[in-house]
Ligand code: ADP
Ligand code: MG
Ligand code: MG
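Take a look at the structure:
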């Protein structure tokens, strides 16, 4: 069974840049999948299709059997949680509590249910007790976890993270890996876009390599050690910032 099914997806940005040139891809339910590729490969453009921020211009995308189109937009936003690369695009309220509650409140869930979800989401990202903090007083890595909690509070079946390791130091990275494994062990599918080959090799059950808007290869992490499909020097590693 597949969490994501993509057929012949092509997409050009408004300025004419052809970001996706015919993507065919299936991602198994409950898997930990890394989408690996150099800068500009089309990773972010692809991820933005998974929760309907972009709609297919050509081809189709299904998530948990649901067609990504305008009609299904609301259901798709609840099925697929997307964590942007920069937490400051997602964390903007006065307090951590408000940020994590923002999604469930938008879906008009009752107050006690919102409370329960905020608590549980903050526990999942190991930020309990910080509800009343102002996000801008937290570290970058903590803000990233607030963004993840905000997405988790909608209880998505699929969690998608765009370059979650960018700008994280090694200890925050390994903390984040544990958090993602915890979320995956609840049965959620996790899809991570990254250009970190070592992370993909260590963390993922399935690796998809994309370059220039096309899928080059898909398989177990071993495809990274055997084939050297990707020349590591092409991959720009993000700068590490000490927290
Ligand atoms: P990645 O996430 O793998 O770095 P992107 O999906 O961001 O790749 O980019 C794929 C291609 O689309 C690149 O050529 C990039 O410059 C271009 N691109 C991305 N976003 C936009 C946009 N909003 N407008 C125009 N071009 C874009
Ligand atoms: Mg990029
Ligand atoms: Mg990107």
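Numbering (our numbering), first residue to last: 3 to 245.
Cβ coordinates follow ideal geometry from the N, Cα and C atoms, glycine included.
Three-state secondary structure (DSSP) of residue i
| i | result |
| --- | --- |
| residue 69 | strand |
| residue 17 | coil |
| residue 147 | helix |
| residue 219 | strand |
| residue 8 | strand |
| residue 108 | helix |
| residue 239 | Only weak support exists for where residue 239 lies, its pLDDT of 36 falling under 50; the value from the coordinates is given anyway. In this structure, residue 239 counts as coil in the three-state DSSP scheme. |
| residue 167 | coil |
| residue 93 | coil |
| residue 26 | strand |
| residue 116 | helix |
| residue 231 | Reliability fails at residue 231, whose pLDDT of 47 lies under 50, so the model's placement of it is uncertain and the value that follows must be treated cautiously. Here residue 231 sits in coil by DSSP. |
| residue 179 | helix |
| residue 130 | coil |
| residue 187 | helix |
| residue 31 | coil |
| residue 226 | helix |
| residue 202 | helix |
| residue 155 | coil |
| residue 43 | coil |
Distance cut-off 7 Å: residue i Cβ against heavy atoms of ligand 3
| i | result |
| --- | --- |
| residue 164 | yes |
| residue 45 | yes |
| residue 80 | no |
| residue 92 | no |
| residue 134 | no |
| residue 144 | no |
| residue 122 | no |
7 Å CB neighbourhood of residue i in its chain, flanking five on each side removed
| i | result |
| --- | --- |
| residue 206 | 34, 35, 36 and 223 |
| residue 244 | Any reading at residue 244 needs caution, since the residue's pLDDT is 22, under 50, leaving its predicted position unreliable; the model's value is listed next. Result list for residue 244: 171, in chain order. |
| residue 213 | 39, 40 and 43 |
Residue i Cβ short of 7 Å to ligand 1 heavy atom set
| i | result |
| --- | --- |
| residue 196 | no |
| residue 3 | no |
| residue 21 | yes |
| residue 15 | yes |
| residue 24 | no |
| residue 39 | yes |
| residue 61 | no |
| residue 184 | no |
| residue 42 | yes |
Contact set for residue i: own chain, Cβ-Cβ below 8 Å, skip 5 residues either direction
| i | result |
| --- | --- |
| residue 238 | Bear in mind that the predicted position of residue 238 carries a pLDDT of just 42, short of 50, making it unreliable; the figure below should be weighed with that in mind. Cβ within range, chain order: 40, 41 and 197. |
| residue 83 | 53, 153, 154, 156, 158, 160, 161 and 162 |
| residue 55 | 84 |
| residue 86 | 92, 149 and 164 |
| residue 49 | 37, 84, 162, 164, 193 and 195 |
| residue 57 | 51, 70, 71 and 72 |
| residue 95 | 101, 104 and 137 |
| residue 68 | 74, 77, 78 and 81 |
Neighbourhood of residue i by C-beta, 6 Å cutoff - its chain only, sequence neighbours within 5 removed
| i | result |
| --- | --- |
| residue 192 | 34, 161, 182 and 186 |
| residue 60 | 12 |
| residue 6 | 29 and 65 |
| residue 145 | 89, 93 and 137 |
| residue 80 | 156 |
| residue 135 | 98 |
| residue 31 | 3, 5 and 191 |
| residue 133 | 98 and 99 |
Residues bridged to residue i (per DSSP)
| i | result |
| --- | --- |
| residue 162 | 84 and 193 |
| residue 60 | 12 |
| residue 210 | 37 and 220 |
* Asked: Does the region 98-105 come within contact of the region 152-168, defined as at least 3 CB pairs closer than 8 Å?
  -> yes
* Would you call the region 177-188 and the region 73-86 in contact, with 3 or more CB pairs under 8 Å? -> no
* contact_flag[the region 7-26, the region 41-60] where n(CB pairs < 8 Å) is 3 or more -> yes
* Asked: Would you say the region 77-95 touches the region 199-219, given that touching needs at least three Cβ pairs under 8 Å?
  -> no
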